[in-house]
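Residue numbers (our numbering), protein chains in the order written: chain X, 10 to 308; chain Z, 53 to 654. From the three backbone atoms N, C-alpha and C, an ideal C-beta is built for every residue, glycine too. Read through the structure below, which is laid out as structure tokens, and then see the notes.
As structure tokens, then:
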């Protein structure tokens, strides 16, 4: 529909428009918006009083207080601004495997859906791609819900590929971001836990409100398609392992995968981060609607 | 270097077969996955299983190396090694118990000197330790270190048995001739006569020691049926001066006789005690004490001078009736059908009339007119209607006082020449009375029937019968005669023997009992639990003569050759096995560590 993936039906877009991004703290934006800002401004949210000074807008003089105290006070209100939303999409080679699981496509769907929620709420969105090859994504904020089509087109040209160190790469991105805001990281997180925690930890240290969205293939999680004597090759490092896979080994493999996801989730919850797991064998629309709270969104 | 079993090298064919099997195996499919993170936990599963696919990494080649070493070990590789095997011979005979003036026994002195001799050896070969009494034998498999050999020496004790000098001389000669022995160290009471073979290094500890000894101690009943026994002892004085010796004989612990005898230097005397009251065990003690306590005591038993019990087996058992009239004789009659060989253990002698046993009896036996074609004794029998005595041995105990001219014989049988029984009385057609010894037992065969025993009514036949019974009952002979170190046949019915030390040994009738190194009284226990004493004494005045030990004349085939190192095959299999174990352990360790690392990484 209008260059958006098929999953973005009118009904789904309507449901996305009812959502907004929830943050645990207030962030300064770049323009007026719907999120309370740490600045004082002209919203309806009362914030504080101060003595009147010449030149102040006397529309904000509290006449009731003047009547009681015979002194002029100015009412201060909370500023409401837009939210700076950063969406990082992992486009490394691992997102392309297993090919039948369409992990990267699911990651793009997730990123676009999150971007649409932000844009529909009047927030600014910056989409960043980690790794990958093919098209380029403009590293600047966009606002206005119509810009979702532009983002979708840019992402459509991307192909997963290459290898990067998660923590190092995020550190580089963090240096480029000048203002704090909401961060979404969409990745399979199939890397050493130490690298994941270091990468995510840097964002929390920078006072970012972060949501980690883990995308795993349904076949990948269950070890389907692997049987007997197999030489498995790591899509990024090229490391090779010879294994023989039977029922027992498949069970053990699945348990290991689940343990890896549990460890990442546990880390996120301990640090006050949001965490959501999407496996590609699920219906995407249903997942997104059900995981609203996990994704750090609100109705 | 060589191989003991070169044929085992064919197993090397397994190694190329193993490599070919690896190369020919189906290659695993290759699959690219997002990350191998979760697969690391699975790593090595198949490799750890028996029969899993081989990997051409270093571990595969390590396993090929292990297999190669195993094949090589099967082939038994060896190298030639120059060694100097040592034979250590220690004299453990009774004479070695003698105390030296320093207060130590000869055996202790010998052991100390051997220990000192071993301490200067380089121990380049195996060390074999031998003892000499009762028969020369190796105490244990060869030792590889001098420490082990010295430890074994420290555990050896002298026996009560004498050396068999001829056997010892031959044994030492064989050792000195043995190509695998570089040096023989012999420590004993006897010195070696010149020329001493070059390989033998004698250590003599037989310095002259004054000693007095009991030579023999025997009992006999001179008259059938008499109560009193006649004891005979020989004593000797092996000292350079005249000594007065006192002998005390005790029966079952009570003194029954005493005598005092003064003997000159190296003089021997015989003591007779004609009326010793009956007892079960007699002990003779010689005083005063001297260097060798062992030969100051001797034992005797009345086992063979008790009442004579006879098992009479005959189709006409009534013939045995007259024998009961002889004082001191108890007869039990059986027909051949009711007779069991197991019964013999309870009797002193057996008489088979017109019958023969199915096996050589375990007691002294008399055969009266045995039937022809007997397979056990193999007697050649010629029946005759009228036997005629033609001659007899006048000095034989069987013919003593028999007036053969008055002997009236009717039908009977002549015996042909027998392989181990000799003729005592002969007739026109062959032998009429044979006697001989077999397996430690006495046998008499008569071609005429002396039964029934009629006493004075047939005096010549009765005298002949009494002579035969006395001979078979052991009367007139020594009741002793069992000497330390000399095995004896286990009598019928005996199931175990209690040694003088109190140890009980199982025994099987008809076999040689060899555990006879101790002097004292052995109790022979039959199936019913009855114990029969048997005295075993040193009874060897040559051994007791500590004033001059006999020289050993040892002749060796290579007596001229000096001590030479011996070329010996040294097996390399042990080293190969050690290498196999080390490689296997190393591989196991690395596999374990790899798995731990993989687990930690995942």
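Going by DSSP, what residues sit across from residue 171/X in a beta bridge?
On the first chain, residue 171/X is found 162 positions in, with the first residue counted as 1. Partner(s): none; residue 171/X has no beta bridge.
Counting only C-beta atoms, is residue 16/X closer than 7 Å to chain Z at any point?
Against the first chain, residue 16/X aligns to sequence position 7. No, residue 16/X lies away from the interface with chain Z (no Cβ there is under 7 Å from its Cβ).
Here's the rule: buried if 16 or more other CB atoms are within 10 angstroms of the residue's CB, otherwise exposed. What is residue 437/Z?
Residue mapping note: residue 437/Z aligns to position 385 of the second chain, counting from 1. That one is exposed.
Check whether chain Z comes within 7 Å of residue 106/X, counting only Cβ atoms and requiring the distance to be less than that.
In the first chain, counting from the first residue as 1, residue 106/X sits at position 97. Answer yes: the Cβ-Cβ gap between residue 106/X and chain Z drops below 7 Å somewhere.
Quick check: what's the CA-CA separation for residue 171/X versus residue 101/X?
The sequence position of residue 171/X within the first chain is 162, counting from 1. The sequence position of residue 101/X within the first chain is 92, counting from 1. When rounded, the distance between both Cα atoms is 5 Å.
Excluding five sequence neighbours on each side, which residues of the same chain lie with their C-beta closer than 6 Å to the C-beta of residue 314/Z?
Residue 314/Z sits at position 262 when you count from the first residue of the second chain. Counting only Cβ-Cβ distances below 6 Å, and skipping sequence neighbours, we find 296.
Is residue 238/X helix, strand or coil when you go by DSSP?
As a working mapping, residue 238/X is identified with position 229 in the first chain. Correct three-state label for residue 238/X: strand.
Using beta-carbon positions only, say whether residue 137/Z and residue 234/Z come within less than 7 Å of one another.
The residue labelled residue 137/Z in the question sits at position 85 within the second chain. The residue labelled residue 234/Z in the question sits at position 182 within the second chain. Yes, the pair counts as a contact, with Cβ atoms nearer than the cut-off.
Listing by chain order, which chain X residues have their CB less than 8 Å from the CB of residue 91/Z?
Numbered from its first residue, the second chain carries residue 91/Z at position 39. Per Cβ cutoff of 8 Å: 241, 250, 252, 262.
Quick one: does residue 258/X have its CB under 7 Å from some CB of chain Z?
For the purposes of this step, residue 258/X is taken as residue 249 along the first chain, with counting starting at 1. Yes, its Cβ sits closer than 7 Å to a Cβ of chain Z.
Quick check on residue 500/Z: does DSSP put it in helix, strand or coil?
Position 448 of the second chain holds residue 500/Z. Residue 500/Z falls in the coil class under three-state DSSP.
Take residue 332/Z as the anchor and find which of 573/Z, 462/Z, 116/Z has the nearest alpha-carbon.
Stepping through the second chain from its first residue, residue 332/Z is reached at position 280. Here the closest residue by C-alpha is 573/Z.
Would you tell me roughly how many angstroms separate the C-alpha atoms of residue 582/Z and residue 200/Z, rounded to the nearest one?
As a working note, residue 582/Z is residue 530 in the second chain. As a working note, residue 200/Z is residue 148 in the second chain. So the two alpha carbons sit approximately 44 Å from each other.
For residue 88/Z, return the contacting residues in chain X, with the cut-off set at a CB-CB distance below 7 Å.
Along the second chain, one-based indexing puts residue 88/Z at 36. Ordered by position in chain X, the residues that pass the 7 Å Cβ test against residue 88/Z are 241, 243, 248, 250.
Measuring CA to CA, which of 140/X, 123/X, 74/X is closest to residue 105/X?
Within the first chain, residue 105/X is the residue found at index 96, counting from 1. Of 140/X, 123/X, 74/X, the residue nearest in Cα terms is 140/X.
Indicate the three-state DSSP secondary structure (helix, strand or coil) for residue 298/Z in the structure shown.
In the second chain, counting from the first residue as 1, residue 298/Z sits at position 246. The answer is strand: DSSP assigns residue 298/Z an E or B state.
Using the three-state DSSP reduction, which class does residue 99/Z fall into: helix, strand or coil?
Looking up residue 99/Z in the second chain gives position 47. Because residue 99/Z carries a pLDDT of 49, less than 50, the predicted location of this residue cannot be relied on, and the following value inherits that uncertainty. It is helical.
Let me confirm a value: residue 642/Z is counted as buried when at least 16 other C-beta atoms fall within 10 Å, else exposed. Which label applies?
Here residue 642/Z is taken as the residue at index 590 of the second chain, counted from 1. Classification for residue 642/Z: exposed.
Taking any Cβ of chain Z, which residues in the stretch 175-207 of chain X have a Cβ under 9 Å from it, in chain order?
Taking 9 Å as the Cβ-Cβ cut-off against chain Z, the residues of the stretch 175-207 of chain X that qualify are 197, 199, 200, 201.
Short of 8 Å in beta carbon distance, which residues of its chain neighbour residue 178/X, apart from the five on each side in sequence? Order them along the chain.
Taking the first chain and counting its residues from 1, one reaches residue 178/X at position 169. Contacts found: 139, 140, 208.
For residue 218/X, which of 224/X, 210/X, 225/X has the nearest alpha-carbon?
Here residue 218/X refers to the residue found at position 209 when the first chain is read from its first residue. Of 224/X, 210/X, 225/X, the residue nearest in Cα terms is 210/X.
Can you check DSSP and say which residues form a bridge with residue 138/Z?
Against the second chain, residue 138/Z aligns to sequence position 86. The partner list for residue 138/Z (beta bridge, DSSP) reads 179/Z, 235/Z.
To the nearest angstrom, how far is it from the Cα of residue 224/X to the Cα of residue 145/X?
Residue mapping note: residue 224/X aligns to position 215 of the first chain, counting from 1. Residue mapping note: residue 145/X aligns to position 136 of the first chain, counting from 1. Residue 224/X and residue 145/X: Cα-Cα distance of roughly 22 Å.
Residues of chain X with a CB under 7 Å from the CB of residue 84/Z: which are they?
What you label residue 84/Z is simply residue 32 of the second chain in a count that begins at 1. Correct list: 106, 242, 244.
So, for residue 543/Z: in the same chain, excluding its five sequence neighbours on each side, which residues have a beta-carbon less than 6 Å away from its beta-carbon?
Taking the first residue of the second chain as position 1, residue 543/Z is located at position 491. Correct list, in chain order: 414.
Note down, in chain order, each residue of its chain lying with its Cβ closer than 8 Å to the Cβ of residue 506/Z, except the 5 sequence neighbours on either side.
Here residue 506/Z corresponds to residue number 454 of the second chain, with the count starting at 1. Cβ neighbours of residue 506/Z beyond the five flanking positions: 374, 513, 514.
So, with DSSP's three-state summary, where would you put residue 116/Z?
Within the second chain, numbered from 1, the residue matching residue 116/Z stands at position 64. Helix, per DSSP.
Quick one: grab the DSSP three-state call for residue 250/Z.
Working through the second chain from its first residue, we reach residue 250/Z at position 198. The answer is coil: DSSP assigns residue 250/Z none of H, G, I, E or B.
Using CA atoms only, rank isn't needed, just tell me which of 114/X, 194/X, 127/X is closest to residue 167/X.
Locating residue 167/X in the first chain gives position 158, counting from the first residue. Minimum Cα distance to residue 167/X is reached at 114/X.
Can you name, in chain order, every residue of its own chain whose Cβ lies under 7 Å from the Cβ of residue 327/Z, other than the five neighbours on each side?
By one-based count along the second chain, residue 327/Z stands at place 275. Excluding positions up to five away in sequence, the list reads 280.
Starting from the beta carbon of residue 229/X, find every residue of chain Z whose beta carbon is closer than 7 Å, and list them in chain order.
As a working mapping, residue 229/X is identified with position 220 in the first chain. Correct list: 86.
Among 457/Z, 433/Z, 545/Z, whose alpha-carbon lies nearest the alpha-carbon of residue 559/Z?
Translated into the one-based positions of the second chain, residue 559/Z becomes position 507. When each option's Cα is compared against that of residue 559/Z, the closest is 545/Z.
For residue 182/Z, count neighbouring C-beta atoms within 10 Å of its own C-beta (all shown protein chains included) and say buried if the count is 16 or more, exposed if not.
The count along the second chain starts at 1 and reaches residue 182/Z at position 130. By the 10 Å Cβ count, residue 182/Z comes out buried.
Assuming the contact rule is C-beta atoms closer than 8 Å, residue 211/Z and residue 188/Z should be a hit. Round their C-beta distance to whole Å, please.
On the second chain, position 159 is the one that residue 211/Z refers to. On the second chain, position 136 is the one that residue 188/Z refers to. Actually they are not in contact, since the Cβ atoms of residue 211/Z and residue 188/Z sit about 12 Å apart, beyond 8 Å.
Given that residue 269/X touches chain Z, what residues does it touch there, using C-beta distances under 8 Å?
Residue numbering aside, residue 269/X sits at position 260 when the first chain is read from its first letter. 89, 90, listed in chain order.
Who are residue 276/X's beta bridge partners in DSSP?
Against the first chain, residue 276/X aligns to sequence position 267. For residue 276/X, which the question treats as bridged, DSSP gives no partner whatsoever.
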